[in-house]
Amino acid sequence: MKKSLLTAFIFFIGALFSSESKTTWFGDPNLQGTWSNQSLTSLERPDEIEGLIISDQDAARYAYYYQQFLEAADGEFEVGEEIQAADDPGGYNTEWMDPGTQLLKIENNYRSSVITYPEDGKLPRKLWRWAINGPLTIYKMFVRADHPEERSLGERCIVGFGSSGGPPMLNVLYNNNYQIVQSPGYVVILVEMNHDARIIKINGKHNPESMKPWLGDSIGYWEGETLVVKTKNMHPQQQFRAGIRHQIFISENALIEERFTRTSQDEILYQFIVNDEKFYNDAWKGEMLFRKTDGKIYEYACHEGNYAMENILAGARALENQ
Amino acid sequence: MKKIRILMLLTVISLLTSLSISSHHAFTAEFDAKAPVNLTGKIVKVEWINPHAWVHVEVIDKNKKTIWMVEGGTPNTLIRNGLTKQTLKPGTVIVVRGYQSKGKLCTPRCRANGRDVTFPDGSKVFMGSSGTGAPRDGADPREPKR
Numbered sequence: 000m001k002k003s004l005l006t007a008f009i010f011f012i013g014a015l016f017s018s019e020s021k022t023t024w025f026g027d028p029n030l031q032g033t034w035s036n037q038s039l040t041s042l043e044r045p046d047e048i049e050g051l052i053i054s055d056q057d058a059a060r061y062a063y064y065y066q067q068f069l070e071a072a073d074g075e076f077e078v079g080e081e082i083q084a085a086d087d088p089g090g091y092n093t094e095w096m097d098p099g100t101q102l103l104k105i106e107n108n109y110r111s112s113v114i115t116y117p118e119d120g121k122l123p124r125k126l127w128r129w130a131i132n133g134p135l136t137i138y139k140m141f142v143r144a145d146h147p148e149e150r151s152l153g154e155r156c157i158v159g160f161g162s163s164g165g166p167p168m169l170n171v172l173y174n175n176n177y178q179i180v181q182s183p184g185y186v187v188i189l190v191e192m193n194h195d196a197r198i199i200k201i202n203g204k205h206n207p208e209s210m211k212p213w214l215g216d217s218i219g220y221w222e223g224e225t226l227v228v229k230t231k232n233m234h235p236q237q238q239f240r241a242g243i244r245h246q247i248f249i250s251e252n253a254l255i256e257e258r259f260t261r262t263s264q265d266e267i268l269y270q271f272i273v274n275d276e277k278f279y280n281d282a283w284k285g286e287m288l289f290r291k292t293d294g295k296i297y298e299y300a301c302h303e304g305n306y307a308m309e310n311i312l313a314g315a316r317a318l319e320n321q
Numbered sequence: 000m001k002k003i004r005i006l007m008l009l010t011v012i013s014l015l016t017s018l019s020i021s022s023h024h025a026f027t028a029e030f031d032a033k034a035p036v037n038l039t040g041k042i043v044k045v046e047w048i049n050p051h052a053w054v055h056v057e058v059i060d061k062n063k064k065t066i067w068m069v070e071g072g073t074p075n076t077l078i079r080n081g082l083t084k085q086t087l088k089p090g091t092v093i094v095v096r097g098y099q100s101k102g103k104l105c106t107p108r109c110r111a112n113g114r115d116v117t118f119p120d121g122s123k124v125f126m127g128s129s130g131t132g133a134p135r136d137g138a139d140p141r142e143p144k145r
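Written as structure tokens, this is what we have:
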């Protein structure tokens, strides 16, 4: 009875300190809520753009032209007009997607890349390593279709495509939604794409090196108002993370630091540093915003309905029989 | 202005890539771009499942009835875009333009992707991406006011 009363009291107090409060009921800075890092800005800066910051005018034009292009890519067709065979029809029209409508904007400045260092906004790739690992990995994960467990992690419904679950947590083409829940000693980040939960132990210790979970092993601590998260022991199969907006390698020995600072009621500034000597000549840094969203996180129960895997394997067998 | 042109070009390249591998799998791994399908029929079932929703359409051709399973987007995005079970009710007639799966055994059912899905009068079944509930900063004049 006493236990029940105590539990009820804790929940009551917890409700008083909802996601709108600056601190949680146990006194930590409050990051709780549902957030999105949706943005037209990609990880790396386009070659011809100089500088991290672009003008409001250029950013507005970019967003406008982007929308125009989406509409053009969808194509106009008359009622009854039949679709034709094509070399690459592009899969789906853009109404299936949700990439965002504007560029990343931090402190009133539009950004041309998520990467802030190196200053050219590019990954400091160790090119010879990428040249060896890249083609082989792509062949094994995206071309060969002999066994379901050889295909990419996204297709297998293990983790989201790209680095949506992170670390670092990067924007992809849709479902860029995250829910943060805090309890004494833990921060949990539920990643909608796809169904992963990062469990960050506050003031905890890393697990033994032999344990390499999906999304790595994360511990954290508070530095003033900022949550600092350090992650290591990445899962070796999560080494290549390919999405539309980015393709990165993160080795199992990488060390990643993330910093979450709630800069306003509606925003969390997300900063990260990736140290991975295997694939990069230098550490690289990035910044994004997580903006509060009114929407809900939806379940992404992927395995049960993953007809795609069956179709991929059946398609490969059909090609072999031709 | 040069910057904008370049950005546009890069966007195009990026998007072309994205359209090919837009979903959790690569289009070309699963579907046959040389096998276009143009289907008109009534919805018999909608599977609101991840990673893709599947719309089952009954197509009657020369008195032969075939059920096609049509792959759509992730339900999470569709719901945010305003699509509900009320939008795609069984019995509703739709027009699907897409491509058949590479495996063509049609066992247990024929499968295709739905590149675009419209009602018979040409109006779109799916709404655009505005108003998804995603965060916005007010810079886009087309945004709905919150």
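Chains as they are written, first to last, in numbering that gives the first Met the number 0: chain G, 0 to 321; chain F, 0 to 145.
Heads up, the beta-carbon is just placed ideally off N, CA and C, and yes, glycines get one too.
Write down every uninterrupted run of the beta strand (DSSP E) in the stretch 119-188 of chain G whose length is 3 residues or greater and which is fully enclosed by it, in chain order. 176-182
Assuming G:Gly164 and G:Leu214 form a contact by the criterion Cβ under 8 angstroms, report the distance between their Cβ atoms to the nearest whole angstrom. The count along the first sequence starts at 1 and reaches residue 164 of chain G at position 165. The count along the first sequence starts at 1 and reaches residue 214 of chain G at position 215. Correct: roughly 5 angstroms between the Cβ atoms.
Smallest Cα separation from G:Thr230: which of G:Gly223, G:His205, G:Arg240, G:Gln236? The residue you call residue 230 of chain G lines up with position 231 of the first sequence. It is G:His205 whose Cα lies nearest to the Cα of G:Thr230.
State the beta-bridge partners of F:Cys109 as determined by DSSP. For this step, residue 109 of chain F is matched to residue 110 along the second sequence. Its beta-bridge partners are F:Trp67.
Span of the alpha helix (DSSP H) holding G:Ala307? Walking along the first sequence from the start, residue 307 of chain G turns up at place 308. Residues 306-319.
Measuring only the C-alpha atoms, how far is G:Pro45 from G:Ile52? Taking the first sequence and counting its residues from 1, the one referred to as residue 45 of chain G is at position 46. Taking the first sequence and counting its residues from 1, the one referred to as residue 52 of chain G is at position 53. Roughly 12 angstroms between the two C-alpha positions.
Just to confirm, is the Cβ distance from G:Val158 to G:Gln237 under 8 angstroms? Here residue 158 of chain G refers to the residue found at position 159 when the first sequence is read from its first residue. Here residue 237 of chain G refers to the residue found at position 238 when the first sequence is read from its first residue. Yes, these two residues count as a Cβ contact at 8 angstroms.
G:Phe239 versus chain F: which residues are under 7 angstroms apart at the beta carbon? To locate residue 239 of chain G, count along the first sequence from 1; it is residue 240. By Cβ distance, chain F contributes nothing, its closest Cβ being about 14 angstroms from G:Phe239, past 7 angstroms.
So F:Ala111 packs on F:Val95, CB below 8 angstroms; how close in whole Å? As a working mapping, residue 111 of chain F is identified with position 112 in the second sequence. As a working mapping, residue 95 of chain F is identified with position 96 in the second sequence. Between F:Val95 and F:Ala111 the Cβ distance is about 7 angstroms, and since that is below 8 angstroms, they are a contact.
Delimiting residues of the alpha helix (DSSP H) encompassing G:Ala72: Along the first sequence, one-based indexing puts residue 72 of chain G at 73. It spans 55-73 - the alpha helix (DSSP H) in which G:Ala72 sits, taken as one unbroken run.
From the DSSP output, in three-state form, read off F:Asn62 for me. The residue labelled residue 62 of chain F in the question sits at position 63 within the second sequence. Correct three-state label for F:Asn62: coil.
From G:Asp73 to F:Thr73, what distance separates their C-alpha atoms? For the purposes of this step, residue 73 of chain G is taken as residue 74 along the first sequence, with counting starting at 1. For the purposes of this step, residue 73 of chain F is taken as residue 74 along the second sequence, with counting starting at 1. Each residue's alpha carbon lies about 18 angstroms from the other.
What three-state label does DSSP hand G:Arg240 in the structure shown? Position 241 of the first sequence holds residue 240 of chain G. In the structure shown, G:Arg240 sits in a strand (DSSP, three-state: E or B).
CA-to-CA distance, G:Glu80 to G:Ile114, given in whole angstroms: Taking the first residue of the first sequence as position 1, residue 114 of chain G is located at position 115. Taking the first residue of the first sequence as position 1, residue 80 of chain G is located at position 81. If you take the alpha carbons of G:Ile114 and G:Glu80, they lie about 44 angstroms apart.
Would you list the one or two residues that DSSP bridges to G:Asn232? Within the first sequence, residue 232 of chain G is the residue found at index 233, counting from 1. None; G:Asn232 has no bridge partner.
Going along the chain, which residues of its own chain have a beta-carbon closer than 8 angstroms to the beta-carbon of G:Gly50, five neighbours each way excluded? On the first sequence, position 51 is the one that residue 50 of chain G refers to. Hits under 8 angstroms: Ser111.
Own chain, CB closer than 6 angstroms to G:Tyr109, minus 5 neighbours either side, in chain order: For the purposes of this step, residue 109 of chain G is taken as the residue at position 110 of the first sequence. Counting only Cβ-Cβ distances below 6 angstroms, and skipping sequence neighbours, we find Ile53, Ala58, Leu102.
Taking the beta carbon of G:Trp127 as the centre, do at least 16 other beta carbons fall within 10 Å, making it buried, or is it exposed? The residue labelled residue 127 of chain G in the question sits at position 128 within the first sequence. It counts as exposed.
Buried or exposed for G:Lys21, please, with buried defined as at least 16 other CB atoms from any protein chain shown within 10 angstroms of its CB. To locate residue 21 of chain G, count along the first sequence from 1; it is residue 22. Exposed, because fewer than 16 other Cβ atoms sit within 10 Å of the Cβ of G:Lys21.
Can you give me the C-alpha to C-alpha distance between F:Lys64 and F:Glu57, rounded to a whole angstrom? Within the second sequence, residue 64 of chain F is the residue found at index 65, counting from 1. Within the second sequence, residue 57 of chain F is the residue found at index 58, counting from 1. One C-alpha to the other measures close to 7 angstroms.
Going straight from the alpha carbon of G:Glu149 to that of F:Gly97, what length do you get? Within the first sequence, residue 149 of chain G is the residue found at index 150, counting from 1. Within the second sequence, residue 97 of chain F is the residue found at index 98, counting from 1. The alpha-carbon atoms of G:Glu149 and F:Gly97 are separated by roughly 28 angstroms.
Counting only Cβ pairs nearer than 7 angstroms, list the residues of chain F close to G:Val303. In the first sequence, residue 303 of chain G corresponds to position 304, counting from 1. The sequence given here places Glu at residue 303 of chain G; Val does not occur at that position. Correct list: Ile48.
Assumed close pair G:Gly304, F:Glu46 - CB separation to whole angstroms, cut-off 8 angstroms: The sequence position of residue 304 of chain G within the first sequence is 305, counting from 1. The sequence position of residue 46 of chain F within the second sequence is 47, counting from 1. Between F:Glu46 and G:Gly304 the Cβ distance is about 6 angstroms, and since that is below 8 angstroms, they are a contact.
Proximal chain F residues relative to G:Tyr177, where beta-carbon distance stays under 7 angstroms: As a working mapping, residue 177 of chain G is identified with position 178 in the first sequence. In chain order: nothing, as chain F lies at least about 12 angstroms away.
Decide if G:Gly242 is buried, meaning its Cβ has at least 16 other Cβ atoms within 10 Å, or exposed. Counting from one through the first sequence, the residue named residue 242 of chain G turns up at place 243. By the 10 Å Cβ count, G:Gly242 comes out buried.
Nearest-angstrom Cα distance between G:Thr260 and G:Asn174? To locate residue 260 of chain G, count along the first sequence from 1; it is residue 261. To locate residue 174 of chain G, count along the first sequence from 1; it is residue 175. Spanning the two alpha carbons is a distance of roughly 22 angstroms.
Nearest candidate by alpha-carbon position, reference G:Arg290, set G:Ser217, G:Ala62, G:Gly32, G:Met308: Locating residue 290 of chain G in the first sequence gives position 291, where the first residue counts as 1. If we check each option's Cα against that of G:Arg290, G:Gly32 comes out closest.
Proximal residues of chain G, C-beta to C-beta of F:Arg108 below 8 angstroms: Walking along the second sequence from the start, residue 108 of chain F turns up at place 109. Simply none; closest approach about 10 angstroms.
What are the boundary residues of the beta strand (DSSP E) that F:Ile78 is part of? What you label residue 78 of chain F is simply residue 79 of the second sequence in a count that begins at 1. No beta strand (DSSP E) holds F:Ile78; the alpha helix (DSSP H) holding it covers 74-79.
Helix or strand or just coil, what does DSSP make of F:Ser21? Translated into the one-based positions of the second sequence, residue 21 of chain F becomes position 22. The predicted position of F:Ser21 is uncertain, since its pLDDT is 47 and thus under 50; a value taken from the coordinates is nonetheless stated next. F:Ser21 falls in the coil class under three-state DSSP.
I'd like to know whether the C-beta of F:Gly121 is nearer than 8 angstroms to at least one C-beta of chain G. Along the second sequence, one-based indexing puts residue 121 of chain F at 122. Cβ-Cβ to chain G under 8 angstroms: yes for F:Gly121.
Enclosing beta strand (DSSP E) for F:Ala32 [first to last residue]: Counting from one through the second sequence, the residue named residue 32 of chain F turns up at place 33. Looking at the DSSP string, the run of the beta strand (DSSP E) that includes F:Ala32 is 30-46.
8 angstroms Cβ cut-off: residues of chain F touching G:Gln246: Within the first sequence, numbered from 1, the residue matching residue 246 of chain G stands at position 247. The contacting residues do not exist; G:Gln246 stays about 10 angstroms from chain F at best.
For a contact meaning CB atoms closer than 8 angstroms, what does G:Leu318 contact in chain F? Residue 318 of chain G sits at position 319 when you count from the first residue of the first sequence. In chain order: Lys101.
When you compare only the Cα positions, how much space is there between F:Cys109 and F:Gly90? Position 110 of the second sequence holds residue 109 of chain F. Position 91 of the second sequence holds residue 90 of chain F. Taking the straight line from one Cα to the other gives about 19 angstroms.
8 angstroms is my cut-off, CB to CB: does F:Trp53 come that close to chain G? Residue 53 of chain F sits at position 54 when you count from the first residue of the second sequence. Chain G, which has a Cβ nearer than 8 angstroms to the Cβ of F:Trp53, makes this yes.
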